[in-house]
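The next block holds one structure in the form of structure tokens; read it before the comments.
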Amino acid sequence: MAGDSQKLSLTGTYSSPTNAPFTTTHELQAPPSGTVIPTVPDKTKYLSDLRKAVATMQDQVNKELTQRMEEDKAKEAGKNGKPAVDDAKEEEQYGEEVQGEED
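Numbering-wise, the sequence shown is residues 1 to 103 according to full-length UniProt numbering.
In structure tokens, the structure reads:
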């Protein structure tokens, strides 16, 4: 039974009153359960797989949230009759104090 191991999953769920919810799940192989104490290589592999799954999940969450932010900006711009925020200008001025902008 030394080769027996169970499947685990890492799951992230997002919900919002104004946006569609989403869930992302990654399957993980648990360290073998046939021994009382998993070996260091077993633990190392599991933690490495977990780290990769977390990074992948973070990328997916960032993409989903960025998409929702863009949708929110477009909705807000349409509601106010104002143009959407100029992302290029915002990025150029990031971290700087803007002195008296002219419209």
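No residue lacks a Cβ here, since even glycine has one placed at the ideal position from N, Cα and C.
Since the model is a prediction, treat every value here as computed from it, not as a measurement.
Sheet register partners of residue i (DSSP bridge)
i, result
"residue 67", "Paired residue(s): none; residue 67 is not in a bridge."
"residue 10", "26"
Between the CA atoms of residue j and residue i - distance to the nearest angstrom
i, j, result
"residue 16", "residue 31", "35 Å"
"residue 70", "residue 40", "45 Å"
"residue 44", "residue 74", "45 Å"
"residue 94", "residue 52", "31 Å"
"residue 76", "residue 92", "22 Å"
"residue 78", "residue 6", "50 Å"
"residue 47", "residue 68", "31 Å"
Same chain, Cβ closer than 6 Å to residue i, neighbours up to 5 away in sequence not counted
i, result
"residue 25", "9 and 11"
"residue 38", "31"
"residue 64", "22"
"residue 54", "none"
Distance CB(residue i)-CB(residue j) smaller than 8 Å
i, j, result
"residue 28", "residue 59", "no"
Cut-off 8 Å between Cβ atoms - residues of its own chain near residue i, not counting five sequence neighbours on either side
i, result
"residue 109", "Outside the modelled stretch of the chain, which goes from 1 to 103, sits residue 109, for which no answer is possible."
Other residues of its chain near residue i: CB distance less than 7 Å, five sequence neighbours each side excluded
i, result
"residue 42", "31 and 32"
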